[in-house]
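Read in order, the letters of the sequence shown correspond to residues 438 to 668 in my numbering. Ideal placement from N, C-alpha and C gives every residue a C-beta, glycine not left out. To start, the structure under review is shown below, and the notes come after it.
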Amino acid sequence: MIVGAGRGIGRASAGLFAEAGASLVLASRTEQELTELAFDLERRHGAPTLAVRTDATNSESVERLVGEAVRRFGHVDTLVYAAGAGVLKPFNETSEEEFTQLLDVNVKGAFLMCRAVLPLMEKQKRGHIIALPGILGRSPMAQAAAYCASKFALTGMLKALALETKRFGVRVSLLHFGGVNTSFWDQITMRVQRERMLTVEAAARAVLFAATQEGEGVLGELILQPESHQL
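As structure tokens, then:
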């Protein structure tokens, strides 16, 4: 199940999962993007695909998504939470509405999705939750106070959740990507060098890598930076 599958890393990840033979549940707020993606994946890879327009910040919408997934496939093995909102601007220029939106999409949406799928995963004694806090979910940056607040909250919430759910066989992976050249940057006024960022394909390969780890090991956190921003 990929939430935020309509574009960016979520969309690229869906393509790799379909190529690998996965059955897919695709969710985002934009129905046209989902419909086009589902058709393309079924045509190119023959992937069993369910596309559901979903607002991850709305509990009824989330419950409907999970219910349809269970009716179609019977279970949910992996949740990829790739939905996100971003605002990068000086603290004093950040509005209350922008701050609320960041918390709603980046934290509340992940909370509602995890709360909906965890009973399924706990019952089947296995499951994997993959989220994308990004590098700003572990390292602060100027002009990103509100964004960092939401992404640090996502990191903390899921680290605590990992401790609660490990006895049920549920794994949690946090992917801390550096700058990824997605449509996120289309509305950002900060000067950046998008050509030096990670590609969405590189980020998607990391998502697939995290999801396909076998054995007793758990990929807890992964940091993937552009070559120009190595630690």
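- Taking a cut-off of 8 Å on C-beta distances, the stretch 472-492 does not touch the stretch 525-540, as fewer than three cross pairs fall below it.
- Beyond the five residues adjoining it in sequence on each side, L539 comes within less than 8 Å, by CB distance, of A522, G523, V524, A583, Y584, A586, S587 in the same chain, given in chain order.
- Assignment of S532 by DSSP, reduced to helix, strand and coil, places it in the coil class.
- Taking the C-beta atoms as reference points, L487 is found no nearer than 7 Å to R508.
- Judged by DSSP in its simplified three-state form, T494 adopts coil rather than helix or strand.
- Around the Cβ of A553, a 10 Å sphere holds 16 or more other Cβ atoms; the residue is buried.
- Straight through space, the alpha carbons of D514 and L461 are spaced by roughly 10 Å.
- Secondary structure remark: continuous alpha helix (DSSP H) runs of at least 4 residues inside the stretch 454-527, in chain order: 468-482, 496-510.
- Among the bridge pairs identified by DSSP, A639 is matched with none.
- In this structure, the beta-carbon distance from L656 to A643 does not fall below 7 Å.
- Straight through space, the alpha carbons of A442 and V542 are spaced by roughly 14 Å.
- Counting only runs that start and end inside the stretch 555-617, the alpha helix (DSSP H) elements of at least 4 residues fall at 582-602.
- A residue is called buried when at least 16 other Cβ atoms come within 10 angstroms of its Cβ; R448 meets this threshold and is buried.
- Sequence-distant Cβ neighbours of L557 in its own chain, meaning closer than 8 Å and more than five residues away, are V503, V507, H512, V513, G564.
- Apart from sequence neighbours up to five positions away, the residues of its chain that approach F454 with a beta-carbon distance below 7 Å are L461, L645, ordered along the chain.
- Here E651 carries a coil assignment [DSSP, helix/strand/coil].
- In the DSSP assignment, I660 forms a beta bridge with H613.
- Looking at the DSSP output, I439 sits in a beta bridge with L463, V517.
- Scanning G593, T649, A641 for the CA closest to the CA of A519 turns up A641.
- Short of 7 Å from the beta carbon of H482, and not among the five residues preceding or following it, lie these beta carbons of its own chain, in chain order: A455, E456.
- Taking all protein chains in view, the Cβ of A647 is crowded by 16 or more other Cβ atoms within 10 Å, so the residue is classified as buried.
- In this model, P485 and S610 are separated by some 25 Å (Cα to Cα).
- Only residues of its own chain outside the window of five on either side were considered, and among them A457 have a CB closer than 8 Å to the CB of T649, listed in chain order.
- Within the same chain, Cβ atoms closer than 7 Å to the Cβ of L591 are found at N543, V544, A547, A568, P570, G574, the five residues on either side in sequence being excluded.
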